[in-house]
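Count along the sequence shown from 1, add 332, and you get the number used in this note's numbering. For every residue, glycine included, the Cβ atom is placed at its ideal position computed from N, Cα and C. Note that the structure is a prediction, hence the values are computed from the model and not measured. First up is the structure itself, then whatever we jot down about it.
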Amino acid sequence: MKVGIKKHQENEWSVQIGCASIKLDRFSVELLNITLEHLVALDSGQAHSTLTSYVRLAHKKLESLDAAGMQKWVRTVENADLLALMQCIKDQKITDMILQNVGGILARQLSADLLKAPTPTEDKAKQAIKNTMEHLFDLEARGQIQLFNADTQYI
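See the structure below:
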């Protein structure tokens with residue numbers, strides 16, 4: 333079965349799978365791409381988790397963010413969502429990037445919470461990641477930040 337993805341506007345995408353066609357936002361399209369990769373892995377007998385897809389999406393996008401973009405992004409995100417995101421990603425490099433770009437008091441609070449706060453439930457973790465990534469995509473759509481990756485080219 334073939335899957336086609338077409339961009340209509342900044343946050344409106346059309347996805348066609350076989351005879352079915354649906355409209356999705358950017359977060360859902362990014363998640364669909366990762367889920368499709370996981371489906372290929374399932375064919376070879378590996379396991380799949382939706383939360384793993386969310387974490388992978390967040391990790392991939394945050395790695396492609398520069399320091400200025402990170403500062404703008406963390407200002408728009410709820411502290412509880414930021415904490416849940418850091419607990420799920422479990423990547424010291426990204427945690428350090430986040431802590432360096434929030435204020436000193438908040439950085440100390442988040443560091444303390446990382447050590448003693450319970451791990452969020454799967455539903456809360458997915459919602460927190462969804463909220464944080466929607467803020468990221470919104471900032472990118474408004475041109476306030478730019479996500480860099482190996483395919484980024486300037487003309």
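C-beta contact flag for residue i and residue j at 8 Å
i: T408; j: H467; result: yes
i: L394; j: A457; result: no
i: W345; j: K334; result: no
i: T367; j: S353; result: no
i: A399; j: N365; result: no
i: L417; j: A449; result: no
i: V406; j: I461; result: no
i: A473; j: E342; result: yes
i: F359; j: F480; result: no
Three-way DSSP call (helix, strand, coil) for residue i in this model
i: I349; result: strand
i: K422; result: coil
i: Q432; result: helix
i: I477; result: coil
i: Q403; result: helix
i: Q459; result: helix
i: T453; result: coil
Alpha carbon of residue i to alpha carbon of residue j, nearest angstrom
i: Q459; j: C351; result: 30 Å
i: A412; j: L442; result: 9 Å
i: L431; j: M465; result: 17 Å
i: L447; j: C420; result: 13 Å
i: A373; j: A379; result: 8 Å
i: K338; j: S376; result: 28 Å
i: D357; j: D423; result: 27 Å
i: G401; j: Q478; result: 7 Å
i: Q403; j: E362; result: 23 Å
i: N463; j: A444; result: 22 Å
i: V347; j: H340; result: 11 Å
i: T390; j: L471; result: Note on identity: in this sequence residue 390 is Ala, with Thr being the wrong assignment. The straight-line gap from Cα to Cα measures roughly 15 Å.
i: I349; j: I437; result: 48 Å
i: S381; j: T451; result: 17 Å
i: T453; j: L371; result: 24 Å
i: M429; j: S396; result: 12 Å
For residue i: DSSP bridge partner residues
i: V335; result: I349
i: I354; result: V347
i: Q341; result: E344
i: L397; result: L479
Closer than 7 Å: residue i CB and nearest the ligand GDP heavy atom
i: L397; result: What this structure holds is no ligand at all, so the ligand GDP is not there to describe.
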